[in-house]
Amino acid sequence: MRSLLVLLVFVASASYAAEDDDEIVIMDPQYGEVLFHFYQDDYFPAIVKLLAAQKQGQLDEHVEDAELLLGGMYLSYGHHLEAAAIFERMLADNVSVEIRDRTWFFLAKIWYQRGYHEKSQEALELVEGELPKNLQREALMMQAQILIETGEYDRAIALLQNWKGRTEWASYAKFNIGVALVRSGRVDEARVFLDELGDMNPFNEELSSLRDKANLALGYALLQDEKPMAAKAPLQRVRLEGPFSNKALLGVGWADAELGNFRRALVPWMELRGRDLLDSAVQESMLAIPYAMSELDSISQAADHYLNAIEAFYEETNRLDRTIAHIESGDLFDEFLSTGPLDSTGWYWELEELPEGPDSRYLFHLLASHEFQEGLKNYRDLNYLHRNLDGWQDSVDVFANMLETRKEAYDERLPRVEDALARADLDGMVSRKLDFDSTLNNIEESHDWLALATRSEFEMWGEVTSLESTPALRADIPEAAEVRDKIQLLKGVLQWQLERDFKDRLWRIRRNLDQAGEALVTAQRSRRQIDETMRNEPLRFEALSNRVYGLAPDIESIKMRVDDEMADQRGYLRDIAVGELQAQKQRLDVYTIQARFALAAIYDIAATEGEALE
Amino acid sequence: MTKTLTSLIVAAMLAFSMATIAQDNDETESRQELRSIDQDVQSLKKEVLDLNRDLFLLEEELLFPANSQVAFFISMDVGEYFELDSVNIKIDGKDVANYLYTEREVDALIRGGVHRIHMANLKTGDHEVVAIFTGKGPHIRDYRRGATLNFNKGIGAKYVELEITDRVKKQQPEFVVKEWE
Chain A
1 MRSLLVLLVF VASASYAAED DDEIVIMDPQ YGEVLFHFYQ DDYFPAIVKL LAAQKQGQLD
61 EHVEDAELLL GGMYLSYGHH LEAAAIFERM LADNVSVEIR DRTWFFLAKI WYQRGYHEKS
121 QEALELVEGE LPKNLQREAL MMQAQILIET GEYDRAIALL QNWKGRTEWA SYAKFNIGVA
181 LVRSGRVDEA RVFLDELGDM NPFNEELSSL RDKANLALGY ALLQDEKPMA AKAPLQRVRL
241 EGPFSNKALL GVGWADAELG NFRRALVPWM ELRGRDLLDS AVQESMLAIP YAMSELDSIS
301 QAADHYLNAI EAFYEETNRL DRTIAHIESG DLFDEFLSTG PLDSTGWYWE LEELPEGPDS
361 RYLFHLLASH EFQEGLKNYR DLNYLHRNLD GWQDSVDVFA NMLETRKEAY DERLPRVEDA
421 LARADLDGMV SRKLDFDSTL NNIEESHDWL ALATRSEFEM WGEVTSLEST PALRADIPEA
481 AEVRDKIQLL KGVLQWQLER DFKDRLWRIR RNLDQAGEAL VTAQRSRRQI DETMRNEPLR
541 FEALSNRVYG LAPDIESIKM RVDDEMADQR GYLRDIAVGE LQAQKQRLDV YTIQARFALA
601 AIYDIAATEG EALE
Chain B
615 MTKTLTSLIV AAMLAFSMAT IAQDNDETES RQELRSIDQD VQSLKKEVLD LNRDLFLLEE
675 ELLFPANSQV AFFISMDVGE YFELDSVNIK IDGKDVANYL YTEREVDALI RGGVHRIHMA
735 NLKTGDHEVV AIFTGKGPHI RDYRRGATLN FNKGIGAKYV ELEITDRVKK QQPEFVVKEW
795 E
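So the sequences go chain by chain: A and B.
Sequential numbering of the first sequence, starting at 1, is according to the numbering used here.
Sequential numbering of the second sequence, starting at 615, is according to the numbering used here.
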């Protein structure tokens, strides 16, 4: 039991290979068969086989293990609510605190990922003992993130402030404290944490990225707090080639612009000009540049830049419209699924590569979104269920045909079997056997050795006794007396032989009779089985037919619901993707309007100045 | 006039920039929606799994009725002296299964999984099963070995397990046939 639990708990952490030391002794082959699929991460067939074996009572030796395995597999398959129900039932009192705590931890993690924050919080509260250090840190972080997301900033800060050590986790804790403080409007306090983080010497890519994020968050918080001078330092610490560099460059420019130094502001903004227009920072820089130029009185250059921006935004908007239309057609999500084989399902599946096409550049950042990945996972699972039900629909048709064919063959054979059975007079045979028994008993009782003579012996006895009554032998002559003696001798020899063999013959005949009796009993048993089969077969056909024809509409109705659910899921994914693109489009629209206004203002000034000159 | 306009633009732009840093309420709504769809998917999954269980049992009952059913399983204990490639099964002299194992499947066997290699319908009475195991033996040499079992099929279902074990003393694999009732 312990080994299975350890295995399950590590399955949930997707790093179980090294921990699976204890041998699992298989007592029911069906249980081993479930494990065969489970170890290959084929959770769906494994769960089905386990449920079937449970229903047939084939897992008597692994009742508890099987239930826990089922919970673990539900968890891995993403069927977390059912998994939790099993764990709640099973983990109540028969496992160690350590295992129970780990299980609650992984449930909390999965619930957090799926947006069940209260359930996640509840599961974390069920952790009684001390989790291993790495899980303990993750649990604490999860708790803090839940608090931040529910707006309980003070509680989150209090939870994270006790973080000890100089690990990566401690850095994340500081970042989250900073975020919580910024969100609760305490920018000055946040500055201490984010500044320390933004000035650290990172030893890996993850920490470098966290450092950039902290600097960016602090820089923008200070900009918003109208402290442009202070904002510059953290923004300038962001790496030039990292994922946050565009926003940092834009921010540095705004800080300089706020300080009235437009010439300096142009430096980072011009750097942004050559970058991907998809990034909002790049789009914004296309307006910021002419704005700075107009502030520097380079009006005609500013007008050119505004015109370029309007043109670029227009083209980008058209491309966005095409992508939105493609997404709304619904084909895109099926293209996502066609990029990988659909042979297995599982919690850990993630779409890593987008299908190639003009839309891909717009959707990259969607992959990083939690909701989108989780939604896609559900969509993929639903697609699997749909295919599974399709397969069963075909099979059920085959089952129905098979059943009909069997029934026809049975109906055809039945009269022949009935005829043969009628001819076989089993009762007559039994009665003859009983007669034989009684005759043999009489022979034994009366020691009737002649009754067991062979045909030739019997004939010989008859011949000898008939010779005895020949009238010529009664004559009182020496020849007749000699023949009479010989006959007596012959009779004596024959009788002696028959009496000698009597017991042996009696035993042999009784043995044969017993064997015949046993054969008759077997025949009677077979006959009863045949009678029972003949009685039950029509009922069995009927029961199977009912099941086959009863399950077919169930498949159809669940398939329809899966279709509906797929449509909902597609709608959800479409809304996220389209919402994201619409936001981009809306931003471009706002920028375009701003550019047009600014351009109109420039033309207005130019015209006014022209008129004044005239 | 220009100054006022540009200040307005700056304010609007900054507001956009801040929006990308800060979390917005859309995320919470989206999470709620994901959760609601997820709950529906969860309940559908449960129903499809239960339906699959019933269909699986029906299929088995139809194709292999209990009174004639014989299932053959392959298992592996340790497996240090034998790297399994394939198994061939003959019942009463007739080829019935030829299975080539993938690395993933062999790994699942080593970790305690049991593979149901074949299901058959057999009449009651005596039968013979011959299993030929092919793979790499000690010192990565090609290895081919057979195991035979004569068994009696009674009225109920019967399970036959063909187990690959290690004979440590001889540093050789051993093939054991077990019967389950």
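Note that beta-carbon positions come from the ideal geometry of N, C-alpha and C, so glycine has one too.
If you look at A:Lys119, you'll find it in the alpha helix (DSSP H) that goes His117 to Glu125.
If you check the CB distance, A:Leu320 and A:Leu581 come in under 8 Å. Residue state for A:Ile602 is assigned as helix, using DSSP reduced to three classes. Here DSSP, grouped into helix, strand and coil, assigns A:Leu452 to helix. Assigned with DSSP and collapsed to three states, B:Pro787 falls in strand.
By a beta-carbon distance limit of 8 Å, A:Ala221 contacts A:Val187. Their separation comes to about 5 Å. For B:Glu777, the uninterrupted beta strand (DSSP E) run begins and ends at Lys772 to Arg781, by DSSP.
Judged by DSSP in its simplified three-state form, A:Ile327 adopts helix. Proximity of the stretch 39-50 of chain A to the stretch 76-86 of chain A meets the contact definition, three or more beta-carbon pairs being nearer than 8 Å. B:Tyr773 has a beta carbon lying within less than 8 Å of a beta carbon in chain A. Setting aside the 5 residues that flank it on each side, A:Leu382 is surrounded in the same chain by Val562, Glu565, Met566 and Gln569, each with a C-beta closer than 7 Å to its C-beta; the list follows chain order. From the beta-carbon of B:His732, no residue of chain A is found nearer than 9 Å; the closest lies around 13 Å away. When DSSP states are grouped into helix, strand and coil, A:Met560 belongs to the helix group.
The residue from B:Glu661, B:Leu669, B:Ser657 and B:Thr779 with its alpha-carbon nearest to that of B:Asp691 is B:Thr779. Cβ-Cβ separation between A:Met141 and A:Ala108: approximately 11 Å, too far for a contact (criterion under 8 Å). Looking at the DSSP output, B:Val744 sits in a beta bridge with B:Lys704 and B:Thr762. Beyond the five residues adjoining it in sequence on each side, A:His80 comes within less than 6 Å, by CB distance, of Ile110 in the same chain, given in chain order. For B:Arg730, the enclosing beta strand (DSSP E) starts and ends at His729 to Asn735. A straight line joining the alpha-carbon of A:Tyr172 with that of A:Leu210 spans about 8 Å.
In this structure, the CA atom of A:Glu241 is about 55 Å from the CA atom of A:Asp394. In this structure, A:Ser438 is the residue among A:Gln497, A:Ala583 and A:Ser438 with its C-alpha nearest to the C-alpha of A:Arg510. Using a Cβ-Cβ cut-off of 8 Å, B:Ser689 counts as an interface residue toward chain A, since at least one Cβ of chain A sits closer than that to its own. The continuous stretches of beta strand (DSSP E) do not include A:Val252, which lies in the alpha helix (DSSP H) extending over residues Ser245 to Glu258. Each residue's CA atom was taken as its position, placing B:Phe765 and B:Ala680 some 17 Å apart. According to DSSP, B:Tyr757 shares a beta bridge with B:Gly749.
Taking the Cα positions, A:Phe313 is about 13 Å away from A:Arg273.
Counting C-beta atoms within 10 angstroms of its own C-beta, A:Met229 has fewer than 16 neighbours from the protein chains shown and is therefore classed as exposed.
As for any alpha helix (DSSP H) of minimum length 4 sitting wholly inside the stretch 261-319 of chain A, the runs are 262-273 and 280-295, ordered along the chain.
Burial is judged here by how many other beta carbons sit within 10 angstroms of a residue's own beta carbon; A:Pro268 has at least 16 and is buried. By the Cβ neighbour-count rule, A:Ala422 is exposed, with fewer than 16 other Cβ atoms within 10 Å of its own. A:Arg574 is the residue among A:Ala595, A:Arg574 and A:Val238 whose C-alpha sits nearest the C-alpha of A:Leu332.
Between A:Gln161 and the set A:Val252, A:Arg137 and A:Glu149, the nearest pair of CA atoms involves A:Arg137. The three-state reading of DSSP puts B:Asp699 in strand, counting E and B together. Taken through DSSP and simplified to helix, strand or coil, A:Gly129 comes out as coil. With contacts defined by Cβ atoms closer than 8 Å, B:Arg755 and B:Thr748 do not form a contacting pair.
Contact between A:Phe36 and B:His729 holds: CB atoms are separated by about 5 Å, below the 8 Å threshold.
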